[in-house]
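Here's the structure, in structure tokens; my notes come after.
See below:
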């Protein structure tokens, strides 16, 4: 039946991320050893994805090696004249307190990455567990969990994060929790959908008939088969987490000063946009680079798993 | 269109696609003709190139990546040489085509009557009000009950068989000289199949429309057609009247196909042709059927047999034709 | 269709309920004594005890929730801790500019995305295709607040074409209102267009491959009508759904964009309320915001059902 699109066929994809379902992933070949090399070759064919991976690794390196790379102490005031334009001494100029912006950008990568990766990891663990339980056991457990997820899902992430910051107060740890909570629902939903699909597979029934306990089935049989799309989801979400964190710190709700956070640096820079535009613009370039890289990386991972999707 | 001149004449039609492994020939030098009032069958397995042949005639194949050579003469013009606007004028008016999946062939967001009206308004000079009446008449003619009401319905409200009737109605709405039916009943229930085929036959007779019936089902071909063309791996391997084909098939492939049919007087075992039709990337040299042919000789692997006439209205592409 | 509407309505009510519980729970988790906070400087033991009774803090948590939700449903969102104004008035006053910004952004976004997506699909794999899709990824990845600042820098500070801040209701003063909306709407709108352009492109490509387009072409329908009538009518329907789904994201983006452009909307209201510990305003703002998202989702679903004949005409 010809249908106007959006109905039926493909696994429901509310945010247009195009994440492939478990069947597609399995079809794309999931053998362990030779599979990894094959995947890498397919991945490497996508120039955008490779670029994204390279930039991402570069940022990670930057964050890890920050004490070595940064020319100055990021929170030390007065290392240069305040509001100085980019120069040989200060590649990104200085801010209103005379701090070296380049160093602050380098250290800012730490906050961004820590929040982005840890928050997504946390959300993944909780969300996937909920999705597994909900999908596998079904019934009232499923309904209750999914209703809660629906409620959470209705919150725009930044608004939920704002609400949680109001409750918990500021600081990196709370930012991580706030961002994580926002991403639990998407992970739970997607996992549940995939679990529902996998649940009907013959090997699950075979395991059950052989007397394997539910928990073992979930973790040994169901989870490995839904894992790959989840990892792709995760990769795609890290950029969202970083955007959310930078938005929060832009609003003043992030890690408190003087900790360098890209969002806050941009906010501070807005006041001086007329005489010192570099304060706001340059950290933003770093932020954007990180996000573009992660988006390309996520797209590349998704295409590697199921090249039939999208393009 | 009048007189004994052929309605459609296809000469050396070739359809190629470019690929990583080089150009792939899906249709190779296919030639045939269809007269007014004839029902000609094009039979072969899936992938033999039947649908592509009919799509090439209609100009529905996208030119890059496809490449089409040869000539398709219709109404005194070579369709392959015409530009798109010219072709659009002929499509739906002089040549019509119906497809395999009728439910998928109707736009789901437009009413059925509107879709038929659109096609007619493109080709016929009458005012829309008149055409609206014609739409209702067409629907009635193809056996849709309550046609006036049904014209306001959406495609999903029609069953497969009904949808195919609608498609047929659309196909003949401008009284074409040629109707191409590409596997028109493959997606339908067997009981509905008979009705749809009967409809096509009746309309062809009433309106004098020539029909090119593409199918993999020899049973349908035998019921409907006057003449048959057998295609294999992109080539025509035999051409004969229906009676002759079934009585005395000349090509080993045709013989094999007919032996695969269950018979009332048979010995219970269904025949089979060993092997599979080759994919386009792995075409055999010489005669494309020779790896599976029970009477193949060394010559068959070296030389491609040409379609040559055996008798009037009969042609075979086999080195050993005439040997029973 | 009616059945669809009822089931979606039921779902929406369930979600609204869950949302209200979540917000209620969150606000209860704020450290500190809410009654004390409400009284602020007007503290007396008598007032404390009375207010405590009024607000139901001496009763079970479920009762407290019921008291609260009943007040909410009758439009009473409480009073601001700071200046004792009605929260409902504050929130509604702030909601209007935010909504205006979102609507303007959607319009700008569609104006960019629809032609861009169509052309990219029609000229698949051409320079235009890669260029416009690359541009789409680019603007989609740019954080909205940074993009706003950069736009201010270029168009306001450097070129002086548009104002850097401020907001005027377009219905009070059309030209002023629109002029001030341009930069913020472009900021948020380009983000939206980045998302939608890609969806239109892939949706259109998929539709153009469908049998009914081939069948229409076989009937003699011309290329232009095939694309703009037959294909687009189907391809644009999922876009409607996307707009609905992204309303939440747009609202979130509006919160940030408002801060950049000093628009007196929900963003500014919520953030200053948090910094001032004015929790009843925070609660009210978030409640209204999320409720709006849920309601818009419902409306969009209904619109989709209306546009899709398979649901509209059972």
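Chains as they are written, first to last, in the working numbering: chain C, 62 to 372; chain G, 198 to 521; chain A, 17 to 330. All residues carry an ideal CB built from backbone N, CA and C; glycine is no exception. This one's a predicted model, so the numbers in the text were calculated from it and none came from an experiment.
Could you check if residue 416 (chain G) is buried or exposed, using at least 16 other CB atoms within 10 Å of its CB as the buried criterion?
As a first step, residue 416 (chain G) must be located in the second chain, where it is residue number 219. Counting Cβ neighbours within 10 Å, residue 416 (chain G) comes out exposed, since fewer than 16 surround it.
Please decide whether residue 3 (chain A) counts as near chain C, where near means a Cβ-Cβ distance under 8 angstroms.
With chain A represented from 17 up to 330, any question about residue 3 (chain A) goes unanswered, as that position is not in the structure.
Can you pull the chain G neighbours of residue 313 (chain A), defined as C-beta to C-beta under 8 angstroms?
Locating residue 313 (chain A) in the third chain gives position 297, counting from the first residue. Here the premise fails: no neighbours, minimum Cβ distance about 22 angstroms.
Mind checking if residue 342 (chain C) is an interface residue toward chain A, Cβ cutoff 8 angstroms exclusive?
The residue you call residue 342 (chain C) lines up with position 281 of the first chain. With 8 angstroms as the cut-off, residue 342 (chain C) counts as an interface residue toward chain A.
Test: residue 9 (chain A) CB closer than 8 angstroms to a CB of chain C:
Residue 9 (chain A) falls outside the range modelled here, since chain A spans only 17 to 330, and no answer is possible.
So residue 329 (chain C) packs on residue 340 (chain C), CB below 8 angstroms; how close in whole Å?
By one-based count along the first chain, residue 329 (chain C) stands at place 268. By one-based count along the first chain, residue 340 (chain C) stands at place 279. Confirmed, Cβ separation roughly 7 angstroms.
Classify residue 95 (chain A) as buried or exposed, calling it buried when 16 or more other Cβ atoms lie within 10 Å of its own Cβ.
Your numbering for residue 95 (chain A) matches position 79 in the third chain. Burial call: buried.
Quick check: residue 269 (chain G) and residue 431 (chain G), are their CB atoms within less than 8 angstroms of each other?
Working through the second chain from its first residue, we reach residue 269 (chain G) at position 72. Working through the second chain from its first residue, we reach residue 431 (chain G) at position 234. No, these two residues do not count as a Cβ contact at 8 angstroms.
One question on the structure: do residue 266 (chain A) and residue 118 (chain A) come within less than 8 angstroms of each other, judged by their Cβ atoms?
Numbered from its first residue, the third chain carries residue 266 (chain A) at position 250. Numbered from its first residue, the third chain carries residue 118 (chain A) at position 102. Against a cut-off of 8 angstroms, the Cβ pair of residue 118 (chain A) and residue 266 (chain A) comes out as a contact.
Please report whether the beta-carbon of residue 228 (chain A) lies at a distance below 8 angstroms from any beta-carbon of chain G.
Stepping through the third chain from its first residue, residue 228 (chain A) is reached at position 212. At least one chain G Cβ lies under 8 angstroms of residue 228 (chain A).
Chain-ordered residues of the segment 263-285 of chain G with a beta carbon less than 9 angstroms from chain A:
281, 282, 284, 285
Just to confirm my understanding: we take residue 322 (chain G), look at its own chain, exclude 5 residues before and 5 after, and list those with CB closer than 7 angstroms. What are they?
On the second chain, position 125 is the one that residue 322 (chain G) refers to. Excluding residues within five positions, none has a Cβ falling inside 7 angstroms.
Where does residue 114 (chain A) sit, in a helix, a strand or coil, going by DSSP?
Along the third chain, read from residue 1 onward, the residue named residue 114 (chain A) stands at position 98. Residue 114 (chain A) falls in the helix class under three-state DSSP.
Between the segment 342-360 of chain C and chain A, which residues of the former have a C-beta closer than 7 angstroms to a C-beta of the latter?
342, 345, 348, 349, 352, 353, 356
Can you pull the chain A residues whose beta carbon is under 8 angstroms from the beta carbon of residue 288 (chain G), in chain order?
Within the second chain, residue 288 (chain G) is the residue found at index 91, counting from 1. By Cβ distance, chain A contributes 233, 234, 235, 236.
Is it the case that the segment 228-235 of chain A contacts the segment 294-305 of chain A, given that we only count it when at least three CB pairs across the two stretches are under 8 angstroms?
no
Any idea if residue 120 (chain A) is buried or exposed, counting beta-carbon neighbours within 10 angstroms, 16 or more meaning buried?
For this step, residue 120 (chain A) is matched to residue 104 along the third chain. When all chains shown are included, residue 120 (chain A) counts as buried.
Taking residue 214 (chain G) as part of the beta strand (DSSP E), name the residues at either end of that continuous run.
Against the second chain, residue 214 (chain G) aligns to sequence position 17. Element bounds for residue 214 (chain G): 205-214.
Contact criterion: CB-CB distance below 8 angstroms. Does residue 5 (chain A) meet it with respect to chain G?
Residue 5 (chain A) lies beyond the stretch modelled for chain A, which goes from 17 to 330, so this question has no answer here.
Chain C contact residues for residue 168 (chain A), given Cβ-Cβ distances below 7 angstroms:
Sequence index remark: in the third chain, residue 168 (chain A) carries index 152 (1-based). In chain order: 334.
Whole-Å CB distance - residue 425 (chain G) paired with residue 439 (chain G), under 8 angstroms assumed
Position 228 of the second chain, counted from the start, is the residue given in the question as residue 425 (chain G). Position 242 of the second chain, counted from the start, is the residue given in the question as residue 439 (chain G). Confirmed, Cβ separation roughly 6 angstroms.
Inspect the beta-carbon positions of residue 349 (chain C) and residue 159 (chain A) and report whether they are closer than 8 angstroms.
By one-based count along the first chain, residue 349 (chain C) stands at place 288. By one-based count along the third chain, residue 159 (chain A) stands at place 143. Their beta carbons are under 8 angstroms apart, which means residue 349 (chain C) touches residue 159 (chain A) by this criterion.
In terms of alpha-carbon separation, which member of G:211, G:229, G:217, G:220 lies closest to residue 204 (chain G)?
For the purposes of this step, residue 204 (chain G) is identified with residue 7 of the second chain, where counting begins at 1. The shortest C-alpha separation from residue 204 (chain G) is found at G:229.
Name the chain G residues whose beta carbon is nearer than 9 angstroms to that of residue 250 (chain A)?
As a first step, residue 250 (chain A) must be located in the third chain, where it is residue number 234. Those are 304, 305, 306, listed as they occur along chain G.
Using only CA atoms, which one of C:277, C:203, C:343 lies nearest to residue 322 (chain C)?
Position 261 of the first chain holds residue 322 (chain C). Checking every option, the nearest Cα to that of residue 322 (chain C) belongs to C:343.
Please confirm whether residue 291 (chain A) has its beta-carbon closer than 8 angstroms to some beta-carbon of chain C.
For the purposes of this step, residue 291 (chain A) is identified with residue 275 of the third chain, where counting begins at 1. It does: the Cβ of residue 291 (chain A) has a partner Cβ on chain C nearer than 8 angstroms.
Considering Cα atoms alone, identify which of C:359, C:278, C:171, C:218 is closest to residue 316 (chain C).
Taking the first chain and counting its residues from 1, the one referred to as residue 316 (chain C) is at position 255. With distances taken between Cα atoms, residue 316 (chain C) lies closest to C:171.
Counting Cβ pairs, one atom from each stretch, are 3 or more of them under 8 angstroms apart for the segment 30-45 of chain A and the segment 204-214 of chain C?
yes
Buried or exposed by the 16-neighbour rule on C-beta atoms within 10 Å, applied to residue 181 (chain A):
Taking the first residue of the third chain as position 1, residue 181 (chain A) is located at position 165. Result: exposed.
So residue 270 (chain A) packs on residue 283 (chain A), CB below 8 angstroms; how close in whole Å?
Here residue 270 (chain A) is taken as the residue at index 254 of the third chain, counted from 1. Here residue 283 (chain A) is taken as the residue at index 267 of the third chain, counted from 1. Yes, residue 270 (chain A) and residue 283 (chain A) are in contact; Cβ-Cβ is about 7 angstroms, under 8 angstroms.
Within 8 angstroms of any Cβ in chain A, is that where the Cβ of residue 313 (chain C) sits?
Within the first chain, residue 313 (chain C) is the residue found at index 252, counting from 1. With 8 angstroms as the cut-off, residue 313 (chain C) counts as an interface residue toward chain A.
On a CA-only basis, which of G:412, G:471, G:486, G:400 is nearest residue 429 (chain G)? Give me that one, please.
Numbered from its first residue, the second chain carries residue 429 (chain G) at position 232. Cα-wise, what sits closest to residue 429 (chain G) is G:486.
Proximity test, Cβ basis, 8 angstroms: residue 254 (chain A) and chain G
Position 238 of the third chain, counted from the start, is the residue given in the question as residue 254 (chain A). False, the Cβ-Cβ gap to chain G never drops below 8 angstroms.
Any idea which residues DSSP pairs residue 84 (chain A) with across the strands?
Numbered from its first residue, the third chain carries residue 84 (chain A) at position 68. According to DSSP, residue 84 (chain A) bridges with nothing at all.
Taking DSSP as the reference, what is the three-state secondary structure of residue 428 (chain G)?
Counting from one through the second chain, the residue named residue 428 (chain G) turns up at place 231. Of the three classes helix, strand and coil, the one that applies to residue 428 (chain G) here is strand, per DSSP.
Chain G partners of residue 18 (chain A), CB-CB under 7 angstroms?
Counting from one through the third chain, the residue named residue 18 (chain A) turns up at place 2. Per Cβ cutoff of 7 angstroms: no residues; residue 18 (chain A) is ~17 angstroms from chain G at best.
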